[in-house]
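Protein chains in written order, with the working numbering: chain X, 568 to 1151; chain L, 10 to 505. All C-beta atoms in this analysis are idealised placements derived from N, C-alpha and C, irrespective of residue type, glycine included. Let me begin by presenting the structure, written as structure tokens, before commenting on it.
Here it is as structure tokens:
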């Protein structure tokens, strides 16, 4: 039994790593990968396939986008990525096996751990490594020198066009294999030629096949957002394979641990330790924001609120989603002060440029009825993405064009979405709305159209939220989300003077007053503007009034900390004791 | 032996995959209608709409898609001598380039009748034929345009491309992924000459790039005496001068659904730049605080400077009250001076005029008319207008305009063709349309720039911006432009 365990230890270690990778991604990065999925749009057309082939690394990108489709399903990202990582380890193991009979699976797994340390934006880099290792392994299996050299030339060319920069790694692996396992001076010549050919190939392609900048010619444009600097982590990941190869080669010559049993125990323990440490400590710092984005995408607003109640909110992006969720669930005014607020920036991103910021800005604008702004942020979100696609925001574009009656523009995006496996059904459903009559009679369209802005104004929601909201509220006082965001802003900023202007309007319209408004009114008429007659004209519930009276008595005697358990959830407590937003 | 079998199997498997791809994506089995089950009295809806259009005799194949449910189609083209050519397709007709060339060469100055039969559920329908008119006049061989997302305040990939109009070959002249993702804009040619070109880069590697005879000058065109860098340019026919506006451009976004955004100037002037001396000619510039001047152009003889002007107003409050007159002033190229007075050709009574462009034969002045302002691309009511300068009367342009935006326009060097940008397809993306202008100035029905795959426009997420016709290909190497952008300091121009 023990002997068998040692014999199949490499399979056991690999299986542990695959399972560990699955758990690591599922527990720490599933929302991140789910978020990144929406920045790809796999189309089912032949033209799309051939267009991809026409770019260096295009086939790799095509496969990347295809496999990424699985990320929308439960466990999809974790399963796909852990299997690819497993394949990388297996291929690397087989490659190392060509150097000597019994390579270390632990060493074969080590480079793949770098993908844990440096999570990538897409699986393009993983596939690129896998392609290089696969071809390197095949190369090492060819015994005839001439045939191997010839095929190596073909492999380098193919990997460049299909999965650049896999050719660069492949050249290094070919070189190492030749230098370490072959004899005679020709091995050095082959190594030199492979590396030189691999380096020259992009330059030749730039002059013959493509007109592209040099970094794109060498590295393709798919591994990272080309507008951002080259991530050095990619270099480490790429170089780790040749480095580990050298280490494995030297270790074989002078083994560090000779005893097989001891080696198995130590490597197993190291691997398990690494996996546990990764799962426990390598957390996504923006996990909450990506989680909320995931819920928002699924319209699971309740889950955002429930999660925030349990864990509070830890960053601005999460706060924006939480406030949006409170608006969707109709609890905004009652509950938003139960969470840490950060002024306007907690309601909508300020001058958004980031991927998430643009999605959030579009979502908030959509919720409060500023359809033009929602469309604008969705549009910018699409065009500023790496691949110039963002199907979720394209859906929003369709919706906004349907609301504004721009049916031909809506159809353009519907046509595109109809070609995607995930969004096809949704797009087909929207096609029916291209008929103006059907569109007008559709409930959600009618609701959104009802609150379309009437008064034109140049205020940007993300730069001058209060002014933009004021126009929306003036046009449609019954636009509840806009009104609540507006009042939320005033309450959070303790602007009772302006708030009372809107309370007066609410009173005139005979609307009911949520508790937070009642508490603000109580405070206003007792502390700011003493006018019992005006106060009595508001429908203040007796329990709200009595509680406030009680608070006034206690507030003179006790400190904020003492008052908090009893009055910490009231607006007047917030008014008196919460620091002003601009001082936070 | 085993290994050999493996290789053979791999080869067979690869062939099967290749053949499957060919079968699925490329091949279109030919089939002719044996029996016509139904006859339609109208022609089928096609995209792009090439029905009854007039095309130059050197244009690339007008591939089109049939927009009725169809499995296969059959097209018969009959010329005026009764000669018939047959083509086959699925829902698309894509003409082989050599056959198309033969067809056009043999029927120059004549009309072709296109008759389509479509097959659906095993039954063939014969549709009424439509005509395509082939002009004897050629169009300049290349179209240069900028492809840009029709966005708002952000861009990602921007490039200036050239398209061979006689084929489907499109190549980049420069794309911003080679120059730090900056903004590249406002390309302009001297009298359709591809060897004399200019354009601007903004932000990274910023400057105005002037190309003459394969030499690239990179210029810093902001001086202490002027309000901005060069903006909207136009070459003097001699190639010695460039007139350009200087604009302090701003934008804002509307909140009502009828409007999207507004681009306006806080200030603007018109200047003339001496290309050889690398200086702005103060005596040939119109720099006033009382008026906004913009979108200048020269007459083909170089003696007149056309431009748009409006009384200066406080902006953006008056964004929808500002209307631009279309004016001209004499330019003495020898003395490098403009000569007053200013003639007003189109008074801005209720509408605003912008983008004046005179035909190379000097006979027609085409411009864009919009409700207000000078940046019409976001105004759905913007339309093309044309004045017959000989007869001094407006030409009927109803054939060229659509309910959507028409904006930028450029003449072919022989004055027989105009390419203009229009949003008539979907109201959002600007596409280039080509229109034949008759000897009497009457425009024919315009047609959309043909593409190898007529579905391309459905999936393209770029607008065609500033379409300019050139007499040949721009030969400058994109890598040469990249090199100059990255390695050469912008030369400061003078204000004389």
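Residue 875/X sits buried, since 16 or more C-beta atoms from the chains shown fall within 10 Å of its C-beta. Residue pairing for residue 919/X: DSSP places it in no beta bridge. For residue 487/L, a Cβ of chain X is located within less than 9 Å of the residue's own Cβ.
Inter-residue distance for residue 1140/X and residue 1134/X is about 6 Å (C-alpha atoms, whole angstroms). Going by beta carbons, residue 47/L and residue 132/L fall inside the 9 Å limit. Excluding its 5 nearest sequence neighbours in each direction, residue 450/L has C-beta neighbours in its own chain below 6 Å: 373, 397 and 404, listed in chain order.
According to the DSSP assignment, residue 178/L belongs to no alpha helix (DSSP H), since it is labelled neither H nor E. Excluding five sequence positions before and after residue 222/L, the CB atoms of its chain that fall closer than 7 Å to its own CB belong to 204, given in chain order.
Assigned with DSSP and collapsed to three states, residue 1136/X falls in coil, not helix or strand. DSSP places residue 165/L outside both helix and strand once states are collapsed to three, so it counts as coil. Exclusion of the five residues before and after residue 1055/X leaves 890, 899, 900, 903 and 914 as the residues of its chain whose Cβ lies within less than 8 Å of its Cβ. Assignment of residue 879/X by DSSP, reduced to helix, strand and coil, places it in the coil class.
Look at residue 136/L here: in three-state DSSP terms it is coil, with no helix or strand label. In the DSSP assignment, residue 942/X falls within the alpha helix (DSSP H) that extends over 938 to 950. For residue 426/L, no alpha helix (DSSP H) segment is defined; the enclosing uninterrupted segment is the beta strand (DSSP E) at 426 to 431. Residue 1077/X sits exposed, since fewer than 16 C-beta atoms from the chains shown fall within 10 Å of its C-beta. For a cut-off of 8 Å, the C-beta gap from residue 52/L to residue 137/L is around 5 Å, short enough to register as a contact.
Contacts with chain L at 9 Å (Cβ-Cβ) do not include residue 1075/X.
Close partners of residue 180/L in chain X (Cβ separation under 8 Å): 778.
For the alpha helix (DSSP H) assignment, the uninterrupted runs of no fewer than 4 residues enclosed by the stretch 1023 to 1104 of chain X are, from N- to C-terminal side, 1032 to 1042, 1047 to 1059, 1063 to 1075, 1082 to 1090 and 1099 to 1103. When CB distances to chain X are screened at a threshold of 8 Å, the residues of the stretch 139 to 162 of chain L falling below it are 158, 160, 161 and 162, in chain order. Shown in chain order are the members of the stretch 426 to 454 of chain L whose Cβ falls below 8 Å from a Cβ of chain X: 434, 435, 436, 437 and 438. Counting the other Cβ atoms within 10 Å of the Cβ of residue 430/L gives 16 or more, which makes it buried. Among the residues of the stretch 955 to 976 of chain X, those with a Cβ less than 7 Å away from any Cβ of chain L are 955, 971, 973, 975 and 976, in the order of the chain.
A straight line joining the alpha-carbon of residue 80/L with that of residue 743/X spans about 55 Å. One thing to note: residue 121/L has its Cβ within 9 Å of the Cβ of residue 143/L.
By the criterion of a C-beta distance shorter than 7 Å, residue 1021/X is surrounded in its chain by 1042, once the five residues flanking it on both sides are discounted. Within the stretch 450 to 495 of chain L, complete alpha helix (DSSP H) segments of at least 4 residues are found at 465 to 468, given in chain order. Spanning the alpha carbons of residue 440/L and residue 68/L requires a straight line of approximately 17 Å. The continuous alpha helix (DSSP H) containing residue 1113/X extends over residues 1109 to 1124. With a 10 Å radius around the Cβ and a threshold of 16 neighbouring Cβ atoms, residue 168/L comes out buried. The three-state secondary structure of residue 200/L, taken from DSSP, is coil.
The three-state secondary structure of residue 783/X, taken from DSSP, is helix.
Apart from sequence neighbours up to five positions away, the residues of its chain that approach residue 885/X with a beta-carbon distance below 7 Å are 855, 856 and 859, ordered along the chain.
Straight through space, the alpha carbons of residue 209/L and residue 278/L are spaced by roughly 18 Å. Taking a C-beta distance under 9 Å as the contact criterion, residue 347/L and residue 336/L do not qualify as a contact pair.
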